[in-house]
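Remarks on the structure that follows.
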Amino acid sequence: ASSLQLQDWQPPFACDVDKLHFTPRIQRLNELEAQTRVKLNFLDQIAKFWELQGSTLKIPHVERKILDLFLLNKLVAEEGGFDTVCKERRWSKVAHKMGYLPGKALGSLLRSHYERILYPYNLFQSGASLLVSIACLLRLVNDEKDQEYKPHDLAQRQSVQPSEISTQTRRAKRMRSEVNTVSWIIIFCSRKTILLLFKTWRLFSLCHLQTTCPTPCFSIFTLHELQINQNSVVHILSFVDLYVCLVCGQGNEEDRLLLCDGCDDSYHTFCLLPPLNDVPKGDWRCPKCLAQECSKPQEAFGFEQAPRDYTLRAFGEMADAFKSDYFNMPVHMVPTELVEKEFWRLVSTIEEDVTVEYGADIASKEFGSGFPIKNGKLKLRPDEQMYFDSGWNLNNMPVLEPSVLTHVSADICGMKLPWLYVGMCFSSFCWHIEDHWSYSINYLHWGEPKTWYGAPAYVAEQLESVMKRLAPELFETQPDLLHQLVTIMNPNTLMAHGVPVYRTNQCAGEFVITFPRAYHSGFNQGFNFAEAVNFCTLDWLPMGRQCVQHYRLLNRYCVFSHDEMICKMASKFKDLDLVLASAVHKDMMIMIDDEKRLREAVRKTGVTDTVREKFELLPDDERQCTKCKTTCFLSAISCPCKPNELVCLYHAKDLCFCAPNRHQLRYRYTLDDLYPMLHALRLYVAPYDEWTSKVTDSLEAKETEKRGVMEFKSLIEEAENKTFPENDLFKQLQGVIVEAEKCASVNKSSIPISVQDLLHRVEDYQQRSEKALSDEMIDTVELQQLMDLSVGFNVELPKLQCLRERLEQARWLDKVHLAQSSPHTLKLDDMRRLIDSGVGLTPHPAVERAMACLQELLTISEHWEEKAHSLLKARPRHSLITLSAALEDKGDIPTYLPHDLALKETVQKARDWLQEVESVQSSAQQPLLETLVELVSRGRAIPVQLDPLSLLESLLADVESWKESVGETFQKKNPKCSLFELAAFNEARLKEMESIRSLQTTNRMKVLSDAECAEVKVCICQKPATGSMQQCELCKDWFHSSCIPAANVQDGEMPWLCPLCLRSERPSLETILLLLSSLERIPVRLPEGEALHYLVERAMNWQHRAKQILSTDELCFTLINSHLANQSWQGITEQIAATELEKRVAESSLFWSSLSNPSMVLLSPTNSGLKSPGSPTRPLADKPSATLPPPSGTPSLPFLLQDLSQDPPLQPCLRSPSSPSSTISDLNPSSNLKD
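In my numbering, the protein residues as written are -9 to 1225.
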């Protein structure tokens, strides 16, 4: 193929965007690729096989990927079959060939899947006996994780339509329609018994009747003929309802009888070998019907028509929306490389079904061409009138004078009349060559590019051979598959098998021309509009005749009759160009020779009857050979037994079985008619052929037989006198004369050096040039020196152009070698640029080898880069073993691959992380929490499945749970201190005391006078004080009794705290010990844990000292003094108590003392302007009392209480002696201590 763009040639678009409407084709991308379609056909057969058994095919997953059942079946067959593979234990070898990593024991898993899904099908296909085959048709047991396979066009491509699956049993479904469907009766008669066999809808019933029949007989009667009442028949059926199993011949256990949905044969489920466990749901086929259904050939593959009709505008909106949604970016920003890569990925997968639509082969005769035509609707400006008659207008090109198609009378759509193509992203045109191996030209009017792939004509048979070898199943049913334009194959696959493939992107305003028998394919990058047509030049004539012979072998229809066109041109030879007439003369000689040979062979077989027939007046379908579909023109054979059929002379024996003397030879011309036509044509072209022969001999003369310049000039004069066309041969002759005259002028000129010296230098230069050009290894330095030397010669050097081309090749090779010498900097884009720049170079073995190496390296690199990316992004993540094995299998790819480097870095990070975790686990010391958090954070960031990570996360969750438990034990709802600060109680206590004092001062300032009370906002509702009020012991703020939950108001001896100040009670020592016990099971060092250890040690120490004091006589004096103090304080007025209380609060830490002394209470003040009726008068617990000095050798009680007030908020196991409910027995330190 060749692409070109004409400068300043921009024809206006003539189609009406809104009125042009068409129905596109539907293309399912993964059905286009040959090898993928083979897999889909195989899976469809498997799905059909199990569908007929009432089961659904579900494809299992192995190693988180869908199992390739086709490859598994193929590899097992190559290894000798299921029995051989099992016997010789080759399942591991099969798993390795399928690409699974060794060491995972996947062989047994593959065997299980094969035996469950594929073995019954293969056993059935092998032609085993029906009963043996049915033995393997067990219910297809699927895993819940298996992916259900949806057959591709199963309803159209397979002959059996799937039915709905009933949830009830098979027998119940049958019996619903049996009552009123008796159709006929078969009577088997013997002398004493009549056996009535009633055939119902799906039921056989046998009735034995006593009779006296004289002779045995076999008859079929209807109910009407026997005069049997319908109701009596139904009664007989219900009375004797027997099913006959074809295996055991018995009709018992009818609930276990299977009736075939195809032929009504019966089988017991337990008579099958091995037996079926239960009745299959849905339709079920017996082995005989199954063999008939599965042996039906598949229908030829083709494209469906879309269900809706589009205008050009509507199709464009749909196409743009599809592409932008698919790539999640504007259509004009999607790179062509990305679209190309995604296209070949989609056509090669069976897991993704992407469907696109393609408006192909739209007749321009019906909807109008994109080029302007005369008498069309589009009116052109005067400066655009040239587009009407331009040869590049595809409406004109097929019928230009040099085109052979001018002499084909029929207007053939697609060949003589352009076809329109409206494409969208991923819509494709498959591998094909043009009809009759003609030229084609494609013009892209507007839109996004087309990507083309082309293979030269000389490798056409090689390409066909490769595709047949890689997908033989497709060509068995469709030998002319490549002529159907429905199959593609990856160019990389073809190049891997030695087929050269070239690619190009066709942009808007560019032409692409394909040459005779050049295979080409491609796809559209997005929404575009193209137009294409065929044309044939005189050099095509030999290829055209060869194509007809090829079509005859494939039994393919011809678009037109090649012989008819040649005869038509020969009959009007005077209107032909001499060059074209000469080519027609040569082709006609071959045609007449073949026709003479065939007619002689037919005459020898005995065909004598002949008749003239004007075949050109018959429609093409009435003059096609019945055997090879060739369009007959010169002759054909017919027979009276088949008046509507005929065959060409190549297949005279394939018409019928009648004797040859009954056949009739129908001919258009006799040989006597053809020879005069050939003779007249020869006379017309003889002078030109003679002149052509002389020119060819002169140009190809040897060194010793070269002609002079005058002889060449005489040939030019002869051509001008006889008005021969100025073809390539004439131009070549003119060029030789010009070169010779230049040499003569150099010889006559006065130059400082002699001509002889110049000739020697030129000859030496030529020798060096030939040597440099013939060397297999291209030397850039030598070529550059030769190019520099050529400047000094004042003559044209014949090898100069070759040297320029070779120098370009050398420089390109130097770039390739330079890039390959530094593989760590060679990027994929660099390789693509090198390949693109090397495509336009002149072919050379070194260039082709380098190009092949680059293409192979690029393919491998892209494949591995994509694989590395998928490994890194896989969910769930892959294990380190899998990633390491993938890196080992990759080998050394001398290219800079970002994802490969990221994968290596990930593997190294994972190894370092595992090593660090192992060192932490093996350490004698417990890790710090910070170390654990840092390890978990790093492990989550590594895209590898790390087994210790889940353990560390679980351990971290346990730590957080423990810290929450400690927080719930110590902290209030909105703490200002962290848990660790709270545990380190000293500093936290000072902070909180400072804030409490500040808050108390602020709240006291609220109450100034009675006049201002109405404006003061108090309580959680922030409203003035009214009604019954309650004052917080800690923050000194006032609250409405109605705003405070009843549960929070205490009438006992405990001080009242507002909801904002309320905090948790001091936990018991037992609770703390339980927390420490649970901490021991967590192998992590926590600062909070160490602080708790310290608190528990202080609490235990305090208890020990308290026990010593309680065991002394000092306690007795203290109790007596406390009792006397309580009695003396009862007579003090509320005014004095309130004043004293405020004084004491200002002097001591009421917050901590109130928490450590449960008997601390508060009197409602009466001098504050707030009235709180009903508030009880409560004794103050901190009234000073006389004390006796403690005995020597024991701790001082005040010092002990001072230590308790400085301890953290732990509830000691001793109760306060000032509590009214305290007794001497309560002071036993062992009453609340159990550890």
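Even glycine gets a Cβ: it sits at the ideal position worked out from N, Cα and C. Owing to the predicted nature of the structure, the values given are computational and were not obtained by experimental measurement.
Do GLU603 and ARG656 come within 7 Å of each other at the CB atom, strictly closer than that value?
-> As a position in the sequence shown, residue 656 is number 666, starting the count at 1. As a position in the sequence shown, residue 603 is number 613, starting the count at 1. Yes.
Quick one: complete beta strand (DSSP E) runs, 3+ long, within the stretch 649 to 735?
-> 654 to 657
Opposite ARG493 in the DSSP bridges: which residues?
-> Taking the first residue of the sequence shown as position 1, residue 493 is located at position 503. According to DSSP, which records beta bridges pairwise, ARG493 is partnered with TYR443.
Quick one: what's got a C-beta closer than 8 Å to LEU1065's C-beta in the same chain, skipping five residues either side?
-> Position 1075 of the sequence shown, counted from the first residue, corresponds to residue 1065. Only TRP952, SER955, VAL956, THR959, LEU1082 meet the Cβ criterion.
PHE623 and ASP577: beta carbons closer than 7 Å?
-> Counting from one through the sequence shown, the residue named residue 623 turns up at place 633. Counting from one through the sequence shown, the residue named residue 577 turns up at place 587. Contact flag unset, no.
Less than 7 Å separating the beta-carbons of LEU471 and PHE563?
-> Residue numbering aside, residue 471 sits at position 481 when the sequence shown is read from its first letter. Residue numbering aside, residue 563 sits at position 573 when the sequence shown is read from its first letter. Not closer than 7 Å, so no.
What are the start and end residues of each continuous beta strand (DSSP E) run of 3 or more residues lying completely inside the stretch 330 to 415, in chain order?
-> 345 to 353, 409 to 413
Burial state of GLN240 (16 or more Cβ within 10 Å) | Taking the first residue of the sequence shown as 1, we reach residue 240 at position 250. The residue is exposed, with fewer than 16 neighbouring Cβ atoms inside 10 Å.
Within its chain, find whatever has a CB closer than 8 Å to the CB of MET414; leave out the 5 residues flanking it on each side and keep chain order.
-> Within the sequence shown, the letter at position 424 stands for residue 414. If we look at MET414 and ignore the five residues flanking it on each side, its Cβ neighbours are PHE305, MET308, ALA309, PHE312, LYS313, VAL346, GLU347, TYR348, ASN514, GLY516, PHE517.
So does the stretch 395 to 407 actually touch the stretch 19 to 34, counting three or more Cβ pairs closer than 8 Å?
-> no
Own chain, CB closer than 8 Å to ASP754, minus 5 neighbours either side, in chain order | In the sequence shown, residue 754 corresponds to position 764, counting from 1. Excluding sequence neighbours, ASP754 sits near nothing in its chain.
What are the boundary residues of the alpha helix (DSSP H) that ARG589 is part of?
-> Indexing the sequence shown from 1 puts residue 589 at position 599. Unbroken alpha helix (DSSP H) run through ARG589: 568 to 595.
Determine the direct distance from the alpha carbon of MET323 to that of PHE317, and round the result to whole angstroms.
-> On the sequence shown, position 327 is the one that residue 317 refers to. On the sequence shown, position 333 is the one that residue 323 refers to. Approximately 10 Å, taken between the alpha carbons.
Three-state secondary structure (DSSP) at GLU943?
-> In the sequence shown, residue 943 corresponds to position 953, counting from 1. GLU943: helix per DSSP, three-state reduction.
Measure from the alpha carbon of LYS1022 to the alpha carbon of each residue in GLN905, THR1016, SER1031, then state which is nearest.
-> Within the sequence shown, numbered from 1, the residue matching residue 1022 stands at position 1032. Per the sequence shown, the amino acid found at residue 1022 is Cys instead of Lys. Ranking the options by Cα distance to CYS1022, first place goes to SER1031.
One or two residues paired with MET1019 in a DSSP bridge = If you number the sequence shown from 1, residue 1019 lands on position 1029. HIS1030, per the DSSP bridge assignment.
Is the distance from the Cβ of CYS615 to the Cβ of CYS629 below 7 Å?
-> Mapped onto the sequence shown, residue 615 falls at position 625. Mapped onto the sequence shown, residue 629 falls at position 639. Not a contact, by the Cβ cut-off of 7 Å.
Cβ-based neighbour list, PRO469, same chain, cut-off 7 Å, excluding 5 preceding and 5 following = What you label residue 469 is simply residue 479 of the sequence shown in a count that begins at 1. If we look at PRO469 and ignore the five residues flanking it on each side, its Cβ neighbours are LEU544.
Measuring alpha carbon to alpha carbon, tell me which of ASN432, GLN452, SER511, THR598 ends up nearest LEU475.
-> To locate residue 475, count along the sequence shown from 1; it is residue 485. Per the Cα distances, SER511.
Beta carbon of LYS558 nearer than 7 Å to that of HIS435 | Taking the sequence shown and counting its residues from 1, the one referred to as residue 558 is at position 568. Taking the sequence shown and counting its residues from 1, the one referred to as residue 435 is at position 445. Taking 7 Å as the Cβ cut-off, LYS558 and HIS435 do not qualify as a contacting pair.
Cβ distance (whole Å) where TYR1231 is taken to contact GLU53 below 8 Å | Only positions -9 to 1225 of the chain appear in this structure, which leaves residue 1231 out of reach.
Please go through the same chain and pick out, in chain order, the residues whose beta-carbon is closer than 8 Å to the beta-carbon of GLN845, but skip the five residues on each side of it.
-> For the purposes of this step, residue 845 is taken as residue 855 along the sequence shown, with counting starting at 1. Correct list, in chain order: ASN482, MET485, ILE825.
Per-residue burial, GLN536 [other beta carbons within 10 Å of its own, 16 or more giving buried] | Position 546 of the sequence shown, counted from the start, is the residue given in the question as residue 536. Under this definition GLN536 is an exposed residue.
Tell me whether MET1228 is buried or exposed, calling it buried when 16 or more other Cβ atoms sit within 10 Å of its Cβ.
-> With the chain covering -9 to 1225 only, the question about residue 1228 has no answer from this structure.
Per DSSP, what kind of secondary structure is SER827 in: helix, strand or coil?
-> For the purposes of this step, residue 827 is taken as the residue at position 837 of the sequence shown. Here SER827 sits in helix by DSSP.
Use the C-beta contact count for TRP(-1): other C-beta atoms within 10 angstroms, 16 or more gives buried, fewer gives exposed.
-> As a working mapping, residue -1 is identified with position 9 in the sequence shown. Exposed is the call here.
Would you call the stretch 634 to 649 and the stretch 659 to 674 touching, i.e. three or more CB-CB distances under 8 Å?
-> no
Excluding the five sequence neighbours on either side, which residues of its own chain have a C-beta within less than 6 Å of the C-beta of CYS497, listed in chain order?
-> What you label residue 497 is simply residue 507 of the sequence shown in a count that begins at 1. Cβ within range, chain order: PRO439.
What are the partner residues of TYR257, as DSSP defines its beta bridges?
-> For this step, residue 257 is matched to residue 267 along the sequence shown. DSSP output for TYR257 lists LEU248 as bridge partner(s).
Give me the Cα-Cα distance between VAL502 and TYR509, rounded to the nearest whole angstrom.
-> What you label residue 502 is simply residue 512 of the sequence shown in a count that begins at 1. What you label residue 509 is simply residue 519 of the sequence shown in a count that begins at 1. Approximately 13 Å, taken between the alpha carbons.
Give the straight-line distance between the Cα atoms of LEU980 and SER940, rounded to the nearest whole angstrom.
-> Within the sequence shown, numbered from 1, the residue matching residue 980 stands at position 990. Within the sequence shown, numbered from 1, the residue matching residue 940 stands at position 950. If you take the alpha carbons of LEU980 and SER940, they lie about 42 Å apart.
When the Cα of ILE556 is compared with those of SER572, VAL926, ASP679, which residue comes out closest?
-> Taking the first residue of the sequence shown as 1, we reach residue 556 at position 566. Considering only alpha carbons, the answer is SER572.
Please confirm if the stretch 770 to 780 is in contact with the stretch 832 to 848, defined as three or more CB-CB distances below 8 Å between the two stretches.
-> no
Buried or exposed for VAL728, please, with buried defined as at least 16 other CB atoms from any protein chain shown within 10 angstroms of its CB.
-> Start at 1 with the first residue of the sequence shown, and residue 728 comes out as number 738. VAL728 comes out exposed.
Through-space distance from LEU1063 to ILE1010, alpha-carbon basis | Here residue 1010 is taken as the residue at index 1020 of the sequence shown, counted from 1. Here residue 1063 is taken as the residue at index 1073 of the sequence shown, counted from 1. Going from the Cα of ILE1010 to the Cα of LEU1063 covers about 38 Å.
Looking only at C-alpha atoms, which of LEU831, ALA809, GLU294, LEU925 sits nearest to PRO14?
-> Position 24 of the sequence shown, counted from the first residue, corresponds to residue 14. Closest by alpha carbon: GLU294.
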